[in-house]
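These notes concern the structure reproduced below.
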Amino acid sequence: MSLKDVFEKNPNRRYIMFGGKGGLGKTTFSAATAYWLASQGKKVLVFSVDPQASLTDIFQKDIFGKGPVKIMENLWAQEIDADSHIKNYQGEIRKKILDMYGFDQIPEEIEDYIQAASAEPAMEESAIFDAVVDIIVEGKYDYYIYDLVPLGHALYYLSMAKVYDEWINKITKLREEMREYETMVAKIKRQKETDEDKILTELMYIKGRINASSGILTDKEKTAFFFVVVPEEMIILDTQKAAELFAKFDVPIAGYVVNRVLPTELHTQNVPAYLKNRLAMQDGYLDKIKVTLGDQVKGFVPELERDVTGLAMIEKLAKIMYG
Amino acid sequence: MPDEKPKVEKRGGLGGLFDNMKEIMYGMAAHDMSRYALRTRASMEHLFILITMGDLIGVPILPPYYSLRLLPYVVPNIATWKRRMLREKDVSDAMF
Chain A
17 MSLKDVFEKN PNRRYIMFGG KGGLGKTTFS AATAYWLASQ GKKVLVFSVD PQASLTDIFQ
77 KDIFGKGPVK IMENLWAQEI DADSHIKNYQ GEIRKKILDM YGFDQIPEEI EDYIQAASAE
137 PAMEESAIFD AVVDIIVEGK YDYYIYDLVP LGHALYYLSM AKVYDEWINK ITKLREEMRE
197 YETMVAKIKR QKETDEDKIL TELMYIKGRI NASSGILTDK EKTAFFFVVV PEEMIILDTQ
257 KAAELFAKFD VPIAGYVVNR VLPTELHTQN VPAYLKNRLA MQDGYLDKIK VTLGDQVKGF
317 VPELERDVTG LAMIEKLAKI MYG
Chain B
479 MPDEKPKVEK RGGLGGLFDN MKEIMYGMAA HDMSRYALRT RASMEHLFIL ITMGDLIGVP
539 ILPPYYSLRL LPYVVPNIAT WKRRMLREKD VSDAMF
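Residue numbers (our numbering), protein chains in the order written: chain A, 17 to 339; chain B, 479 to 574.
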């Protein structure tokens with residue numbers, strides 16, 4: 017089954033992710049896929065969850081932190097600026113505290129906490145995670161293409177949904193127990209009603225957002241996760257390990273796409289020994305990929321004559337990938 | 479915590495007697511119960527702040543991003559919470 021078939025046979029898919037080690041072509045494939053879907057008349061948003069995003073480079077347009085930027089008809093691209101997202105978020109929290117208690121300024125201790133929390137290493141990822149939820153909950157596009165971070169980080173990103181989920185379930189439960197005591201006291205005192213627990217309401221809101229996000233990551237019908245591999249031993253081994261880990265997080269793996277395949281016509285040409293060796297080595301690894309991954313391989317993409325940047329090259333690649 | 483409800487004006491006559499009886503019964507039977515429940519509720523509130531805002535007293539807590547969303551609601555409780563965290567085990571424990 018080709019990549020095109022995969023998309024045509026699963027019309028309910030809305031979330032497409034390309035993952036793999038760094039530098040194998042995740043961004044390139046994300047851009048080409050987005051281009052192809054957009055040219056099929058679908059409204060597409062391709063966005064990056066990588067703090068070192070490269071959509072700006074591939075589309076040759078500065079889109080960092082500018083929200084969804086229109087690239088062409090039906091195609092938008094977005095790079096999330098985690099820093100400014102965190103700054104806005106801190107601002108909202110501060111404003112809420114000032115409004116709720118009529119303070120002139122945030123008490124020093126609280127301000128320290130806001131600052132310290134924002135310096136946590138997980139903060140940036142969390143902010144991006146939250147920004148992605150914003151994008152998805154809005155639901156304005158037919159397709160969302162995640163240009164993911166390299167493998168290790170992607171796992172962290174995926175596991176974050178799970179960690180959040182467990183954390184929030186525990187504290188929500190505690191909060192609900194507290195609520196029971198409150199209702200009991202109200203009953204004993206024969207008060208008709210108790211005040212709304214604003215924290216519980218807030219927890220429910222957070223829970224809803226996390227569930228929306230982790231639900232998508234594990235939704236077999238709506239989500240497709242593709243691994244990008246190249247015919248090299250270490251990459252194949254690493255990808256297999258990563259695939260096992262991803263499976264543990266119930267991420268639906270839709271297939272593998274092999275990138276950087278040297279053109280086969282080189283075999284028949286009189287090429288230098290160096291290239292001959294590379295070709296022979298690659299044939300070996302391609303066989304290995306075919307044996308171990310079988311029909312899970314959805315496409316082979318050749319090494320192009322130049323790197324993929326700019327819409328013309330993206331179009332060319334989209335034609336190779338999707339016919 | 480729910481705000482103090484405004485006091486209902488005292489009725490006179492039989493109704494007033496009934497009201498008084500009701501309050502006496504409440505005081506004898508239920509006051510302790512509700513006080514105990516409120517104390518438990520307060521302990522849980524402090525436990526909750528510890529779980530979500532532990533960073534404030536140096537207990538690292540994951541993940542801080544969504545904790546910040548809850549921060550505005552616990553602002554008034556932070557002072558008593560800190561006091562309580564320090565008081566929980568003190569010398570007087572050994573005396574009783």
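Yeah, the Cβ is synthetic: ideal placement off N, Cα and C, and Gly gets one too. Here the structure is a predicted model, which is why all the values come from computation and not from measurement.
Relative to the Cα of residue 83/A, the nearest Cα in the group 75/A, 92/A, 76/A belongs to 92/A. For residue 158/A, same chain residues with a beta-carbon under 8 angstroms away, outside a window of 5 residues either side, are 30, 53, 58, 59, 60 in chain order. Distance check between residue 334/A and each of 43/A, 217/A, 201/A places 43/A closest, using alpha-carbon atoms only. Nothing from the region 249 to 266 of chain A brings a Cβ to less than 8 angstroms from some Cβ of chain B.
The beta-bridge partner set that DSSP reports for residue 194/A is empty.
When DSSP states are grouped into helix, strand and coil, residue 239/A belongs to the strand group. Taking 7 angstroms as the Cβ-Cβ cut-off, the region 488 to 513 of chain B approaches chain A at 508, 511, 512, given in chain order. Around the Cβ of residue 507/B, a 10 Å sphere holds fewer than 16 other Cβ atoms; the residue is exposed. Interface annotation, residue 548/B: in contact with chain A, CB-CB separation under 8 angstroms.
Excluding five sequence positions before and after residue 188/A, the CB atoms of its chain that fall closer than 8 angstroms to its own CB belong to 216, 219, 220, 223, given in chain order. The closest CA to that of residue 104/A, considering only 543/B, 565/B, 496/B, 524/B, is found on 543/B.
Counting other Cβ atoms within 10 Å of its Cβ, residue 275/A reaches 16 or more and is therefore classed as buried. Under the Cβ criterion (8 angstroms, minimum of three pairs), the region 138 to 145 of chain A does not count as touching the region 110 to 125 of chain A. Counting C-beta atoms within 10 angstroms of its own C-beta, residue 23/A has 16 or more neighbours from the protein chains shown and is therefore classed as buried. Positions of the alpha helix (DSSP H) runs, each at least 4 residues long and wholly inside the region 100 to 156 of chain A, are given as 124 to 135, 138 to 154 in order along the chain. Residue 303/A: member of the alpha helix (DSSP H) spanning 289 to 309, first to last residue. For residue 315/A, DSSP records a beta bridge to 273/A.
Three or more beta-carbon pairs separated by less than 8 angstroms link the region 302 to 316 of chain A to the region 270 to 285 of chain A, which places the two stretches in contact. Here DSSP, grouped into helix, strand and coil, assigns residue 265/A to coil. According to the DSSP assignment, residue 521/B belongs to the alpha helix (DSSP H) that extends over 509 to 531. By the rule that beta-carbons nearer than 8 angstroms mark a contact, residue 529/B touches chain A.
Of all residues in the region 184 to 206 of chain A, those with a C-beta nearer than 7 angstroms to a C-beta of chain B are 187, 190, 191, 193, 194, 197, 198, 200, 201, 204, 205, reading in chain order. Cα atoms of residue 253/A and residue 62/A: separation of roughly 28 angstroms, rounded to the nearest angstrom.
Counting along the chain, residue 61/A sits inside the beta strand (DSSP E) bounded by residues 60 to 64.
Identification of residues in the region 515 to 526 of chain B having a C-beta nearer than 8 angstroms to some C-beta of chain A yields 515, 516, 518, 519, 522, 523, 525, 526, given in sequence order. One finds 549, 550, 553 in chain B with Cβ atoms closer than 8 angstroms to the Cβ of residue 113/A, taken in chain order. Of the candidates 247/A, 259/A, 265/A, 265/A places its Cα closest to the Cα of residue 179/A. Residue 556/B: member of the alpha helix (DSSP H) spanning 556 to 565, first to last residue. DSSP, reduced to helix, strand and coil, places residue 95/A within a strand of the structure shown.
DSSP places residue 34/A inside the beta strand (DSSP E), whose first and last residues are 31 to 35.
Under the three-state reduction of DSSP, residue 186/A is assigned to helix.
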